[in-house]
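Working notes, structure below.
Residue numbers (the numbering used here): 73 to 215.
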């Protein structure tokens with residue numbers, strides 16, 4: 073369950089911040105062999121596949137590496153907070169894309185074409201007054 077932490081050296085590590093819905097991920101990539109360590113808001117560190125149990129979430133996290141053909145060349149250390157695990161996985165994905173761009177600016181066109189340099193701005197719509205929720209109205213009763 074617990075993961076052995078990755079040492080983040082400021083000289084070799086590249087940083088990127090990713091956001092999705094209410095989730096915020098601070099991501100560091102270090103040249104390595106493809107390990108992913110996630111530190112949750114509880115303060116516990118997890119191996120990536122133990123924290124994000126579903127394979128689709130791990131595939132999302134690895135998407136920037138697959139697109140830039142750098143899968144297995146970097147270790148990832150990420151801290152996440154807010155929202156749920158799917159949004160946190162996407163936040164890590166965006167953070168990795170930004171970190172890869174700072175590592176090698178020539179990767180930007182490839183990442184941009186894949187849509188990873190643009191934050192997904194979709195968030196929950198707020199509840200309106202005199203309504204049940206964002207869109208749903210209270211039922212009208214004649215008497």
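Just so you know, even glycine gets a beta-carbon here, dropped at the ideal spot from N, CA and C.
Are the segment 197-211 and the segment 161-171 touching, with three or more C-beta to C-beta distances below 8 Å? No, because fewer than three Cβ pairs between the segment 197-211 and the segment 161-171 fall closer than 8 Å, the two stretches do not touch.
First and last residue of the uninterrupted beta strand (DSSP E) at residue 108: Along the chain shown, one-based indexing puts residue 108 at 36. Residue 108 -> beta strand (DSSP E) spans 108-111.
Fully enclosed by the segment 101-152, which beta strand (DSSP E) runs are 3 residues long or longer? Those beta strand (DSSP E) runs which fall completely within the segment 101-152 and span 3+ residues are 108-111 and 117-119.
So, for residue 104: in the same chain, excluding its five sequence neighbours on each side, which residues have a beta-carbon less than 8 Å away from its beta-carbon? Counting from one through the chain shown, the residue named residue 104 turns up at place 32. Once the five neighbours on either side are set aside, the close Cβ partners of residue 104 are 78, 145, 146 and 147.
Mind checking which residues open and close the alpha helix (DSSP H) that includes residue 194? Here residue 194 corresponds to residue number 122 of the chain shown, with the count starting at 1. Careful: residue 194 lies outside any alpha helix (DSSP H) and carries neither H nor E.
Hey, out of 169, 190, 203 and 159, whose CA is closest to residue 142's CA? Here residue 142 is taken as the residue at index 70 of the chain shown, counted from 1. The shortest C-alpha separation from residue 142 is found at 169.
Buried or exposed: residue 136, going by 16 or more other Cβ atoms within 10 Å of its Cβ? Stepping through the chain shown from its first residue, residue 136 is reached at position 64. Residue 136 comes out buried.
Distance check for residue 115 and residue 194, CA to CA, integer angstroms please. For the purposes of this step, residue 194 is taken as residue 122 along the chain shown, with counting starting at 1. For the purposes of this step, residue 115 is taken as residue 43 along the chain shown, with counting starting at 1. Between residue 194 and residue 115, the C-alpha separation is close to 28 Å.
By Cβ distance below 8 Å, which residues in the same chain neighbour residue 91 in space, the five residues on each side in sequence not counted? By 1-based counting over the chain shown, the position of residue 91 is 19. Excluding sequence neighbours, residue 91 sits near 97, 163, 166 and 191.
Bounding residues of the alpha helix (DSSP H) (the contiguous stretch that carries residue 167): Here residue 167 is taken as the residue at index 95 of the chain shown, counted from 1. Its alpha helix (DSSP H) spans residues 157-175.
Out of 124, 95 and 109, which one is the CA nearest neighbour of residue 80? Reading the chain shown from its first residue, position 8 is the one you call residue 80. The shortest C-alpha separation from residue 80 is found at 109.
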